[in-house]
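**Student:** Here it is, the structure in full.
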Amino acid sequence: MKSLPVEKYKGKLSSQEESVISKIAEHLILTRLNNHLIENNTLIPEQFGFRPKLSTTHQLIRVVEFITEGFSNNQKTGAVFLDIQKAFDRVWQDALIHKLIIYKIPAYIIKTVDSYLQGRNFAVRVKNELSHTKLIKAGVAQGSKIGPVLFSLFINDIPKQFNTMISMYADDTAILARNKNPNYIQIALNRHLKKLEDWFIKWKIEINVSKTESILFSKNISHIKYPQVKMHNNYIPWSQEVKYLGVYLDYKLTWKAHFLYVKKKFRDVTRKFYPLISRNAKLTRENKMLILSSYLRPILSYACPVWGHAAKTNLKLIETQHNIVFRNICKAYFFMSNTELRKAVNYPSFMEFIKKLSIKFFNSLTEHENEAVKSIPIYTPNPKVKRPRNILL
């Protein structure tokens, strides 16, 4: 069974011509909308999704620095990662238009967005049978360029709280609180969750509590015994690890769970490329190296400023995988060292590569315009305290 969008208008233009024109129009409206949002500082600084000069790595470093700063002050950090059910598909369209008016978006953009949202239809296909068309009464079109921005505006007035931190990347939302006493953490999170419950109900946003996760970050305790947070009268048990924005966070921030996940993902993708990069493949070494550096290595290095300070034994889990592929491409004999090979082909080690990326990333934070990024602590790395900037040592 498959849901299909139905053409909104039928004119003299071909479907291909209509598609090109609609994409150009969407791009123009999005550009003007983004310019207005930037000029008027409309979006809350905690929202990093689909915004210029902001990435998932920026939000992750903000979260991890918050946690590790707590560790350095003997504090624990509790976090709740919310699962917004079918976020883009269930946006209340009338409420969205209402909020666009409140945010003083230019009238011509609001009218265009309203026209864009209204009158969309869909049909369901089962094998060769197509159902009658039905009107789409909610949501913003997934796959469109403007959809994520409209969603960000729809949830832009999400409640905040003085003793918690909110982290957002489009619909990926988390709240964090830290304290030396886990009971105070639970109280702070529950108060914020209650505010969020009321706000979600008001704006017809549904939370999947069964997929919402909580975790208590701590260096020295078993967190199972501490009181749990709850939402919609359902308790959310403390997890050992959670996945946020593509990175696994374990409760001690050892990063081992993430490295094991990335190791498996890297091996699975490498297996698909094997016919092209094997020792006997006909591609030149230069082309094989291009595949490694452009497609495979980014799997391992994603968000490296966040976890690059991890223990060397854990980093070895992914560095070894990179070296295996590298040696295979170079057709290295067992007695050849990795250092000699890298020197011969002028290729940096994996650790050199992620350190270079991290230096560039941390340098870019110093002059960032976003207020939430500005609040990320800048400190002199201390070898005795494991924090993200330790990779700069």
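Just so we're aligned, residue 59 is where the sequence shown starts under the working numbering, counting upward by one. The beta carbon of each residue, even a glycine, is placed where N, CA and C say it ideally should be. Only a predicted model underlies this, so the values are computations on that prediction, with no experimental measurement involved.
May I have the straight-line CA-CA distance separating Thr115 from Lys157, to the nearest angstrom?
**Tutor:** 29 Å
**Student:** Mind checking whether Asn427 and Pro103 have CB atoms under 7 Å apart?
**Tutor:** Checking the sequence, you will find Glu at residue 427 rather than Asn. No, these two residues do not count as a Cβ contact at 7 Å.
**Student:** Return the chain-ordered list of same chain residues with a C-beta closer than 8 Å to the C-beta of Ala153, the five sequence neighbours on each side being excluded.
**Tutor:** Phe212, Trp261, Lys262
**Student:** Apart from the five residues just before and just after Ile216, which ones in its own chain have a Cβ nearer than 8 Å to its Cβ?
**Tutor:** The residues are Ile102, Ile224, Met226, Thr231, Leu254, Trp257.
**Student:** Please state whether the Cβ-Cβ distance between Ser407 and Ile449 is less than 7 Å.
**Tutor:** no
**Student:** Does Asn404 get closer than 7 Å to chain C when you measure Cβ to Cβ?
**Tutor:** Among the chains of the structure shown, chain C does not appear; only one protein chain is present.
**Student:** Give me, in chain order, the residues of the same chain whose beta-carbon lies closer than 6 Å to that of Ile335; leave out the 5 immediate sequence neighbours on both sides.
**Tutor:** Lys346, Ile349, Ile387
**Student:** Name the residue from Cys362, Asn92, Trp150 whose alpha carbon lies nearest to the alpha carbon of Leu175.
**Tutor:** Trp150
**Student:** Going by beta carbon distance, what residues of the same chain come within less than 8 Å of Asn381, once the five residues before and after it are set aside?
**Tutor:** The answer, listed in chain order, is Asn396, Phe408.
**Student:** For the alpha helix (DSSP H) containing Lys169, list its first residue and its last residue.
**Tutor:** 165 to 175
**Student:** Rounded to whole angstroms, what is the Cα-Cα separation between Ile87 and Ile167?
**Tutor:** 7 Å
**Student:** Could you name each continuous alpha helix (DSSP H) segment of 4 residues or more that falls completely within the stretch 261 to 337, going from the start of the chain to the end?
**Tutor:** Segments of the alpha helix (DSSP H) lying fully in the stretch 261 to 337: 314 to 335.
**Student:** Within this structure, are the beta carbons of Leu234 and Phe124 separated by less than 7 Å?
**Tutor:** yes
**Student:** Give me the Cα-Cα distance between Asn131 and Ala315, rounded to the nearest whole angstrom.
**Tutor:** Rounded to whole angstroms, Asn131 to Ala315 spans 25 Å at the Cα level.
**Student:** Apply the 10 Å Cβ neighbour rule to Ala228 and answer buried if 16 or more other Cβ atoms are within range, or exposed otherwise.
**Tutor:** buried
**Student:** Assign Met394 to one of three DSSP states: helix, strand, or coil.
**Tutor:** coil
**Student:** Assess, as a yes-or-no matter, whether the stretch 262 to 277 is touched by the stretch 79 to 98 under the definition of 3 or more beta carbon pairs within less than 8 Å.
**Tutor:** no
**Student:** CB-CB under 6 Å to Gln379, same chain, minus the five flanking residues each way: which ones, in chain order?
**Tutor:** Lys321, Phe324
**Student:** What number of angstroms, rounded off, separates the C-alpha of Tyr319 from the C-alpha of Tyr353?
**Tutor:** 17 Å
**Student:** Taking the Cβ atom as the reference point for each residue, do Thr222 and Ala246 lie within a distance shorter than 7 Å?
**Tutor:** Yes, these two residues count as a Cβ contact at 7 Å.
**Student:** Could you tell me which whole alpha helix (DSSP H) segments of length 4 or greater appear in the stretch 71 to 154?
**Tutor:** 73 to 97, 114 to 130
**Student:** When you compare the CB positions of Leu375 and Phe411, do they come within less than 7 Å of one another, or not?
**Tutor:** No, the Cβ-Cβ distance between Leu375 and Phe411 is not below 7 Å.
**Student:** Pick from Ala83, Pro295, Leu358, Glu344: whose alpha carbon is nearest that of Asp326?
**Tutor:** Leu358
**Student:** Are the beta-carbon atoms belonging to Val287 and Val138 less than 7 Å from one another?
**Tutor:** yes
**Student:** If I'm right that Phe146 touches Gln200 with Cβ under 8 Å, what's the distance once you round it to whole angstroms?
**Tutor:** 5 Å
**Student:** Taking 7 Å as the limit between beta carbons, can you name the residues of its chain near Phe420, skipping five residues before and five after?
**Tutor:** Pro363, Arg447, Leu450
**Student:** What separation, rounded to the nearest whole angstrom, lies between the Cα atoms of Tyr405 and Leu399?
**Tutor:** 8 Å
**Student:** Which residues bound the beta strand (DSSP E) around Leu234?
**Tutor:** 230 to 237
**Student:** Val403 by DSSP, collapsed to three states: which one?
**Tutor:** helix
**Student:** Alpha carbon to alpha carbon, how far is Arg120 from Thr312? Give it in angstroms, no decimals.
**Tutor:** Taking the straight line joining both Cα atoms gives about 17 Å.
**Student:** Could you have a look at Arg183 and say whether DSSP puts it in helix, strand or coil?
**Tutor:** strand
**Student:** Compare the Cα-Cα distances from Tyr293 to each of Ile204, Gly107, Lys252 and report the closest residue.
**Tutor:** Lys252
**Student:** Rank Lys144, Pro356, Asn239 by C-alpha distance to the C-alpha of Val198 and give the top, closest one.
**Tutor:** The shortest C-alpha to C-alpha distance from Val198 to any of Lys144, Pro356, Asn239 is the one to Lys144.
**Student:** I need the boundaries of the beta strand (DSSP E) containing Ile224, first residue and last residue.
**Tutor:** 223 to 227
**Student:** At the level of alpha carbons, what is the spacing between Asn248 and Gly128?
**Tutor:** Rounded to whole angstroms, Asn248 to Gly128 spans 20 Å at the Cα level.
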